[in-house]
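Asks: The structure is given below, and queries will be raised subsequently.
Number of protein chains: 2
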Amino acid sequence: MIEPFDDTYFMKKALQEAEVAFEKGEIPVGAVIVVDNKVIARGHNLTEMLCDVTAHAEMQAITAAANFLGGKYLKNCTLYVTLEPCQMCAGALYWSQISRIVYGARDAERGCINLNTKLHPKTAIEGGVLADEAASLMKRFFILKRNLN
Amino acid sequence: MIEPFDDTYFMKKALQEAEVAFEKGEIPVGAVIVVDNKVIARGHNLTEMLCDVTAHAEMQAITAAANFLGGKYLKNCTLYVTLEPCQMCAGALYWSQISRIVYGARDAERGCINLNTKLHPKTAIEGGVLADEAASLMKRFFILKRNLN
């Protein structure tokens with residue numbers, strides 16, 4: 001049987017959020033949070049528009065998901081994010097006790113894996129879902145930005 | 001000459017914020033951000049009230065300071081916080097490029113030092129300012145909470 005709601009399906013939703021960020025002139029990172037195959041929260045990077053380093057896609061999705069659930073712990077939730085979370089976002093995910101993190105492209109320099117950010121023991125993490133699409137969107141953004149400056 | 005605006009002076013302001021959190025039934029952590037001997041932002045832990053793991057004192061102070069300054073980088077700013085920042089807050093401080101972090105009590109288990117969270121090269125960190133006062137407020141909070149449950 002074909003499973004319509006797989007990781008690729010939800011990562012596409014996160015990529016749509018990243019595209020919204022791109023159109024706003026923000027570094028294009030997007031995220032959704034899913035529970036029982038339903039998207040309960042969305043977010044995209046808004047650090048420039050909000051003039052706030054904390055306004056990463058994941059942070060907004062975490063806040064929105066807790067708001068939707070009426071509780072601050074994101075049990076049985078999966079975060080789909082187009083770029084490997086940074087220390088801040090991974091630190092927030094630690095507190096949220098989220099069940100699963102799925103990221104797209106790796107961030108070798110500022111991502112939580114190489115920086116050894118501690119995740120909650122209840123949290124599984126995996127990556128590489130639509131990684132090329134996510135990385136390509138980032139590349140296009142930085143090329144465009146360079147040409148504009 | 002006596003310097004009225006020293007680290008102890010500003011940490012007392014952070015402790016006042018922690019007391020506000022205490023009175024609201026929140027884990028009592030408070031923070032202020034200072035530039036040129038002026039408090040430009042305040043924050044206290046609101047994770048319970050806002051039902052949001054990201055609502056730490058530091059996160060709110062970072063957002064408020066950027067709002068005040070009209071720029072997301074906290075250059076020439078000092079954060080005073082009653083408890084050593086966690087991974088999330090230290091990660092946010094990394095992005096902010098803040099000049100200096102002064103904390104009160106250590107958090108050996110969940111603090112950024114033992115967890116090796118990367119700070120920005122421009123950021124200096126030191127601790128132990130009014131540490132006993134900050135730790136004592138935390139202890140009172142947890143004793144009270146235990147007795148109420």
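Taken in sequence, the protein lines are chains A and B.
Counted from 1, the first sequence has number 127 at position 127 by the UniProt record's numbering; the numbering is strictly sequential.
Counted from 1, the second sequence has number 143 at position 143 by the UniProt record's numbering; the numbering is strictly sequential.
For glycine and all other residues, C-beta sits at the position ideal for the given N, C-alpha and C.
What you are looking at is a predicted structure, and each value in this text was computed from that prediction instead of being measured.
Helix, strand or coil: how does DSSP classify Lys-75(B) here?
Replies: coil
Asks: Going residue by residue through the UniProt domain "CMP/dCMP-type deaminase" (5–114) of chain A, where are the continuous beta strand (DSSP E) segments of at least 3 residues, counting only ones entirely within it?
Replies: 30–35, 38–44, 78–83, 100–105
Asks: Under 8 Å between C-beta atoms, does Ile-40(A) make it to chain B?
Replies: no
Asks: On a CA-only basis, which of Tyr-94(B), Met-49(B), Val-39(B), Ile-27(B) is nearest Pro-121(B)? Give me that one, please.
Replies: Tyr-94(B)
Asks: Do three or more CB pairs link the region 5–12 of chain B to the region 26–40 of chain B at distances below 8 Å?
Replies: yes
Asks: For Ala-124(A), count the other beta carbons within 10 Å of its own beta carbon; 16 or more makes it buried, fewer makes it exposed. Which is it?
Replies: exposed
Asks: Within 8 Å, do at least three Cβ pairs link the region 59–76 of chain A to the region 45–59 of chain B?
Replies: yes
Asks: Which of the three DSSP states, helix, strand or coil, is assigned to Glu-126(A)?
Replies: strand
Asks: On a Cα-Cα basis, can you pick out the residue from Leu-83(A), Thr-78(A), Cys-86(A) that is closest to Ile-98(A)?
Replies: Thr-78(A)
Asks: Is the beta carbon of Phe-43(A) sitting closer than 8 Å to the one on Glu-19(A)?
Replies: The sequence as given places Gly at residue 43(A); Phe does not occur at that position. Contact: no.
Asks: How about Tyr-94(A): is its C-beta nearer than 8 Å to some C-beta of chain B?
Replies: yes
Asks: List, in order along the chain, the chain A residues whose C-beta lies closer than 9 Å to that of Leu-115(B)?
Replies: Chain A residues near Leu-115(B): Gly-91, Asn-116, Thr-117, Lys-118.
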